[in-house]
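Going left to right, the sequence shown walks through residues -18 to -1, 1 to 317 as mature numbering (1 follows the signal peptide of the UniProt record, and there is no 0) numbers them.
Here's the structure, in structure tokens; my notes come after.
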Amino acid sequence: MTRAAPAPACAASAPACAASASNPRAPDGSARASLARHGLRARAPYTRAPHHGAQTHMTAIPQPAPLAARPLRAALRALLPALALAALPALIPAPSPAQTAAPLSAPSSAFSPEDRAALRAEIRSYLLDNPEVIMEAIQVLEDRRRIASESEGRDLVARNAAALFEDGYSHVAGNPDGDVTVVEFIDYNCGYCKKAHDDVRKLVETDPGLRYVVKEFPILGPSSVTAARAALAAREQDEGRRYMAFNDALMNHKGGLSDGDVWALAAEAGLDIARLKADSKDPDIQRAIEATYSLAKVLKIEGTPTFVIGDSIVRGYVPLDRLRETVAETRERKG
């Protein structure tokens, strides 16, 4: 069975997810303090390695790497007790009727050193002759971890549904009465958010039953915070109708954003810049961002993009077909 690779994402503590070769400024004291209050770390300044155009793929959430990706010796050390138990039936002859009738009189600890050495040798020989058992055991362990993670994610979503879906300050697009809600945590300096942007737009535009909620989650430096504040403030103009045009402009911008880029793109989107700058300093805007930081910590979200689709958390960039599959699975569960 093929194991899926971790979805790539931009993480607050990882330096390799800048939107371009330009080096965004390191977070200032206020941005760093804001992230720290919510248990998040701002990333270090990013410098692209020379002659390497592709971004590094990384997981959005610090978590144990799949066992198959670790050195085989470490994997075997973790799995050896279970493998030994699995191998025993194949190694121990079937008991005779007399043996079956007799009660067990000696615990396994009564094995002599010679018996233990012989058993270890037999197990080693069995595993060498049947190496597929190792991969099967690894797959079972990974499947159990995945199921446990999905179950935990659904529980977290259920307990934080109001903050996720009806917070009153996040922009809502698509069908406001849709049967499935897709929430996306984004940072405008995140290269994977930019990569996902067109897919998300297609998803919303081609599915009339989707409700789309944008969570401004600036974790990649001060210009990310400026962009998030400006985006939230844009909802105050023209009854929020210019928000998505501004969102598109920020996401389609090539390279890292500067504060100047944010205001220039806002002007291109038809926003009143003087009013936007004033509104972006409103304490309510900062409180909205702080609330998103708090929510992300509860949901164990430390990277962008992260999606909440119905009751499922999808961490990192995934292609359009995977998004559609998750939406379909959500509808199926809802009946």
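All residues carry an ideal CB built from backbone N, CA and C; glycine is no exception.
>> Which same chain residues end up closer than 8 angstroms to asparagine 234 when comparing Cβ atoms and leaving out the 5 residues on each side of it in sequence?
In response: As a position in the sequence shown, residue 234 is number 252, starting the count at 1. Beyond the five residues adjoining it in sequence on each side, asparagine 234 comes within less than 8 angstroms, by CB distance, of Lys176, His179 in the same chain, given in chain order.
> For the alpha helix (DSSP H) that contains histidine 179, what are its first and last residues?
Replying inline: Against the sequence shown, residue 179 aligns to sequence position 197. Per DSSP, the unbroken alpha helix (DSSP H) holding histidine 179 starts and ends at 173 to 188.
> Can you tell me where the beta strand (DSSP E) with alanine 155 in it begins and where it stops?
Replying inline: For the purposes of this step, residue 155 is taken as residue 173 along the sequence shown, with counting starting at 1. 153 to 156 is the span of the beta strand (DSSP E), which, as asked, contains alanine 155.
> What is the C-beta distance between leucine 253 and arginine 224, in whole angstroms, given that I count them as a contact (C-beta under 8 angstroms)?
Replying inline: On the sequence shown, residue 253 is found 271 positions in, with the first residue counted as 1. On the sequence shown, residue 224 is found 242 positions in, with the first residue counted as 1. Contact flag correct, Cβ pair sits at about 6 angstroms.
>> Can you give me the C-alpha to C-alpha distance between glutamate 221 and alanine 215, rounded to a whole angstrom?
In response: The sequence position of residue 221 within the sequence shown is 239, counting from 1. The sequence position of residue 215 within the sequence shown is 233, counting from 1. The straight-line gap from Cα to Cα measures roughly 11 angstroms.
> Since alanine -8 and proline 287 are thought to touch, with beta carbons under 8 angstroms apart, how far apart are those beta carbons, to the nearest angstrom?
Replying inline: In the sequence shown, residue -8 corresponds to position 11, counting from 1. In the sequence shown, residue 287 corresponds to position 305, counting from 1. With a Cβ gap of about 11 angstroms, alanine -8 and proline 287 do not count as contacting.
> Can you list, in chain order, the residues of its chain whose CB lies under 6 angstroms from that of glycine 298, leaving out five sequence neighbours each side?
Replying inline: Translated into the one-based positions of the sequence shown, residue 298 becomes position 316. Only Ala(-12), Pro(-11), Ala(-10), Ala42 meet the Cβ criterion.
> Looking at C-alpha atoms only, which residue of Pro265, Leu247, Ala278 is the closest neighbour of isoleucine 201?
Replying inline: Mapped onto the sequence shown, residue 201 falls at position 219. Between isoleucine 201 and the set Pro265, Leu247, Ala278, the nearest pair of CA atoms involves Ala278.
> Within this structure, are the beta carbons of phenylalanine 147 and valine 195 separated by less than 8 angstroms?
Replying inline: Mapped onto the sequence shown, residue 147 falls at position 165. Mapped onto the sequence shown, residue 195 falls at position 213. Contact annotation: phenylalanine 147 and valine 195 have beta-carbon atoms nearer than 8 angstroms.
> Expressed to the nearest angstrom, what Euclidean distance is found between the alpha-carbon atoms of isoleucine 291 and alanine 210?
Replying inline: By one-based count along the sequence shown, residue 291 stands at place 309. By one-based count along the sequence shown, residue 210 stands at place 228. Straight-line Cα distance between these residues: approximately 22 angstroms.
> Counting only beta-carbon atoms, is threonine 208 nearer than 8 angstroms to chain D?
Replying inline: Judged by its chain identifiers, the structure shown contains no chain D, having just a single protein chain.
>> Going by DSSP in three states, arginine 193 sits in which element: helix, strand or coil?
In response: Taking the first residue of the sequence shown as position 1, residue 193 is located at position 211. Look at arginine 193 here: in three-state DSSP terms it is strand.
>> Just to confirm, is the Cβ distance from valine 280 to leucine 123 under 8 angstroms?
In response: Within the sequence shown, the letter at position 298 stands for residue 280. Within the sequence shown, the letter at position 141 stands for residue 123. In this structure, leucine 123 does not lie closer than 8 angstroms to valine 280 by Cβ.
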